[in-house]
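To keep things clear, I will list the structure first and then write my remarks on it.
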Amino acid sequence: MSLSKSFLKIIFLNLVFAFIGLEFLSRFYYFYRFKIKEPLLINTYPEIANYLKYVNHYRDKDFRDAFLKSEVESNNKLKPINTKEDSFFIYSRFASCVNQNNCKTVLLQGDSVGEGIGNHASDILFSKVSQNGWQVLHGGTTSFSPKNFSGQLAYFNSKGIKPDILITYVDQGDLGDDAIRYKNNSVYKNEPFRHYVVKPFKNKHFRFYNYGSALNPVSPYRIKPLTFEFISKIYTLSVVKLFYLTNSKINLTRTPGWSDITKPLIIKDFKKEKYFKEVLENYILSAKDLGVKELYFVTMPHPRNIVDSVSEDRKFKFSIASLVEDVVKMNNEIDDLKSYHIPISIDQKLFPCKDKDETCNGFYMYNDHHPEIKGYKYIGKKIIKFINKNSEFNDFK
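The sequence shown begins at 1 in UniProt numbering and counts up one residue at a time.
Right, dumping it as structure tokens:
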């Protein structure tokens, strides 16, 4: 046998043994991942998989942990009654209907800020209405957007829940979420009523809410080799790690980063604004078709909207509030549905945004656009004051 053939044989055998070794390692990993390690909620609570037929993702365990941690500090007197149930990873229930034959429902929707409003200002918003026999639900979920709100309405409809009042927090980042992050991952349906479905991200979407392996679990006992899936998993984790280690300067993921999401707030993008307005209008149609009587959009400035010391390259020169205002003016009364906009402004006497203080004297968290607990309570007071002034229902007073 020639030297070259011997060398090729050695290379071949090494590759075979390496593949066999990787295959053993792969099978051990997937056995551990799905058989020993604590399974994902999606694997233990079947309703999650049903929920994901409508929306992109669900609340993870961090949501409940954070809620329980902040519960004492918040001093919130109206608490969810389903915190120990798996349904808490879909919504919070503050009160159930007293009269099932005449069940009125109010639903709060939003992203992570919407979560905070529900967690820290529920007593301000819902104490009276819960005492008056209403069902009170809070569906706020991190990174949700109007498309996901619409999908969430479709999910509640499938459970026979049709809100009379919607309180919908629209975040500054929702423009980029629906016009960029979820744009190619959503479909608009006409049955059983007009609504969006935002599909869970596939495995190639590396950073947020990737349930691909959980929706389609990989069996460690299958005949087909697992090596290539294992290598892909290592690559995925490495790319994500690299993204964070370089502070997003090296982004090999297929997920838009925060800078991509907020770009339309810094540099005007008429196309994305038009698209987002269409999404809002479709969301209003979802509410109308569901029989909602009153829809209250809530917006709030980001620190980069209002703090003067923010540099020009970071400053948000445009606000989601103007887009919401335009849509509400055009659709403020459709059949039996009345729509309103509650633009929250930060009272500069209470929370002055001076110098380089992007917390606005403690309204916002440090280096974060989420409000502190006192900020959430301030928002709750503004919302309930507006509703009491404009609602045809007297049960909030």
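Heads up, the beta-carbon is just placed ideally off N, CA and C, and yes, glycines get one too.
In this text, all values refer to a predicted model and were calculated from it rather than measured experimentally.
Excluding sequence positions up to five before and after Y188, its CB lies within less than 7 Å of the CB of Y196, N282, all in the same chain and listed in chain order. Per DSSP, L22 has no beta-bridge partner at all.
By the 16-neighbour rule on beta-carbons within 10 angstroms, W134 is buried. Out of K147, N14, T253, F396, the CA that lies nearest to the CA of K381 is found in F396. Pairwise C-beta distances place the segment 166–180 in contact with the segment 271–288, as three or more of them are shorter than 8 Å. Annotation for K147: D178, Y182, S186, Y196, V198, V279 place their beta carbon closer than 7 Å to its own, counting only its chain and skipping 5 residues before and after. Exclusion of the five residues before and after E73 leaves I373 as the residues of its chain whose Cβ lies within less than 8 Å of its Cβ. Inside the segment 88–144, DSSP marks whole alpha helix (DSSP H) runs of 4 or more residues at positions 112–131, from first to last along the chain. With contacts defined by Cβ atoms closer than 7 Å, S70 and F230 do not form a contacting pair. Note that the C-beta distance between I250 and L242 is below 7 Å.
V106 and M330 have their C-alpha atoms spaced approximately 24 Å apart. As summarised for the segment 229–289, the continuous alpha helix (DSSP H) elements at least 4 residues long and confined to that stretch are 258–266, given in chain order. Across the structure, E312 and S319 are spaced so that their CA atoms are roughly 15 Å apart. In the DSSP annotation of this structure, the continuous segment of the beta strand (DSSP E) that includes P343 starts and ends at 337–343. The beta carbon of G110 is closer than 6 Å to those of G140, Y169 in its chain, skipping five residues each way along the sequence. Only exposed fits P192, as fewer than 16 other CB atoms lie within 10 angstroms of its CB. A check of alpha carbon separations from H120 across A287, G375, H341, E392 identifies G375 as the nearest.
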